[in-house]
Amino acid sequence: MKIKCLLVDDEPLAISLLQNHISKLDYLEVVGTCSNALKAAEILRTVNVDLMFLDIKMPQITGIDFLKTLRNPPAVIFTTAYREYALESYELEIVDYLLKPITFDRFFKAADRYLRMNAPVNSKIISPVQEDFIFIKNGAKFNKVSVDSILYIESIKDYIVVHQKEGIKLTAKYKISDIELELQDKHFLRIHRSFVVNLKNITAFTAYDVEFGSIEIPIGASYKEYVFKVLKSS
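The sequence shown runs 41 to 274 under the working numbering.
See below:
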């Protein structure tokens with residue numbers, strides 16, 4: 041059975057691009073397109089939608105505010121040209137956060153993430169012993185890094201340093217905002233303009249910092265309220 045998709049975006053070219061990407065995956069089908077949240081609400085009342093690709097900045101009401109109004113929303117993948125809404129999206133339990141222009145490779149990863157999140161417990165797609173990895177590009181080389189091995193990621197000018205267990209470090213030319221988006225559904229959290237941390241590996245925290253054993257990482261003032269709320273509930 042195909043996954044029924046609704047595309048909501050006020051840019052016709054963005055809609056066309058998503059339609060083109062979806063046409064390449066035989067398990068997805070478009071059941072509706074519209075340019076604003078009000079029309080999307082009408083479609084959701086009459087059409088069965090599994091997955092909604094939702095733009096954030098739209099006229100009348102933003103995608104984030106629209107999603108908050110839905111009592112039983114479908115799964116959502118945000119599509120936006122703006123990075124600054126990523127932190128707020130954590131609270132909305134979305135599938136993914138795609139930055140425009142959306143490449144097919146990145147689109148495919150988001151669609152695959154939806155499949156994994158909605159696979160039956162006994163499905164072969166999910167394996168309880170499967171280790172999760174990411175690939176971090178450094179020059180011409182792609183470095184395979186175990187997600188569980190990461191303690192925290194530090195931004196230093198145009199580079200990031202991936203601090204792992206046993207003192208292992210990997211330095212790569214990368215924007216911390218890009219790695220933050222890549223890890224957003226893997227229990228990582230931005231706690232400072234220069235630090236993203238692995239919530240699973242935190243050993244202690246205060247209102248001012250988090251700890252990994254003897255290592256203390258500061259919590260930025262502008263992140264403090266949200267980070268402390270997440271830490272207390274995790």
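Here a beta-carbon is modelled for each residue, glycine too, at the ideal position from N, C-alpha and C.
Option nearest I117 by Cα separation, candidates F147, I257 and I196
Across the set F147, I257 and I196, the C-alpha of F147 shows the shortest separation from the C-alpha of I117.
For V236 and L221, which I take to be in contact (beta-carbon distance under 8 Å), what is that distance rounded to the nearest angstrom?
Contact flag wrong, Cβ pair sits at about 10 Å.
Spatial neighbours of A80 within its chain, please: C-beta separation below 6 Å, excluding the five flanking residues on both sides.
Residues V48 and C74 of the same chain have their beta carbon placed closer than 6 Å to that of A80, with the five preceding and five following residues left out of the count.
Between the CA atoms of E131 and K226 - distance to the nearest angstrom
Taking C-alpha positions only, K226 is separated from E131 by approximately 14 Å.
Can you grab the Cα-Cα spacing for the pair I259 / L229, in whole Å?
Cα to Cα, the separation comes out at about 11 Å.
With distances taken from CA atoms, which of K209, K149 and P113 is nearest S186?
Minimum Cα distance to S186 is reached at K209.
Distance CB(A247)-CB(K264) smaller than 8 Å:
Closer than 8 Å, so yes.
Find the nearest neighbour of H203 within the set D152, A151 and I257, judged by alpha-carbon distance.
Among D152, A151 and I257, the Cα nearest to that of H203 is on I257.
Pick out whichever of H232, L65, K240 and T120 has its Cα sitting closest to the Cα of A261.
Answer by Cα proximity: H232.
Which listed residue (D198, S217, D218 and Y192) has its alpha carbon closest to that of E206
Comparing Cα-Cα distances from E206 to each of D198, S217, D218 and Y192, the minimum goes to Y192.
Closer than 7 Å by C-beta to F173: which residues in its own chain qualify, once you throw out the five before and the five after it? Chain order, please.
Counting only Cβ-Cβ distances below 7 Å, and skipping sequence neighbours, we find K184, V185, S186 and V187.
Please tell me whether A150 and L65 are closer than 8 Å, where the distance is taken between their beta carbons.
If you check the CB distance, A150 and L65 do not come in under 8 Å.
Nearest to V135 by alpha carbon, out of A121, M157 and I43?
Comparing Cα positions, the closest option is M157.
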